[in-house]
Amino acid sequence: MVCADTNCIIAYLAGDSGADVEFLDKLLERKVVALPPVVVSELLSDPCLPDEAEKLIRSLPELTLGDGYWRRAGKLRAQLAQRGFAARLADTLIAQSCLDHKTPLLTRDKGFRRFSKIAGLKLV
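Quick look at the structure:
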């Protein structure tokens, strides 16, 4: 299973090109893509989201939030801050979901590299 970040799903839905979009297409064919809850929320918050896009998003499995998730996410964000890195809350929540499920993240956002370096988040 691989988690997809919001930016990759948006690029895929827009028909953009790139190695990540091609890889996502293959993952979708194999049905091995999951979404962190924050990604689902970000995607569905688009008021102009086409019905077909919403259908795809709703068809993908969502990672569950386990006990202590919010505390772990807060501590993760604090770890980054202690090392001089700013982290958006949404990115922290996405990273924590992936870490909890030991699932790699497919993303275009280079900001996730700091989560990889500090917390061991696997990136695709």
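Using my numbering, read the sequence shown as starting at 1 and increasing by one per residue.
Where a beta carbon is used, it is the ideal one built from N, C-alpha and C, also for glycine.
By the C-beta density criterion, Q96 is buried, having at least 16 other C-beta atoms within 10 angstroms. Exposure of R30 is indicated by the presence of fewer than 16 other C-beta atoms within 10 angstroms of its C-beta. DSSP places A34 in the strand class (E or B) of the three-state scheme.
In the DSSP assignment, C3 falls within the unbroken beta strand (DSSP E) covering 2–4. DSSP, read as helix, strand or coil, puts L121 in coil. Looking at the DSSP output, L106 shares a beta bridge with A4.
In the DSSP assignment, R88 falls outside any alpha helix (DSSP H), carrying neither H nor E. Distances from the CA of S41 to each of R58, K117, D25, P104 were compared; the closest alpha carbon is that of R58.
In the DSSP assignment, G18 falls outside any alpha helix (DSSP H) and carries neither an H nor an E. Within the model, the alpha-carbon separation for P104 versus A4 is close to 9 angstroms.
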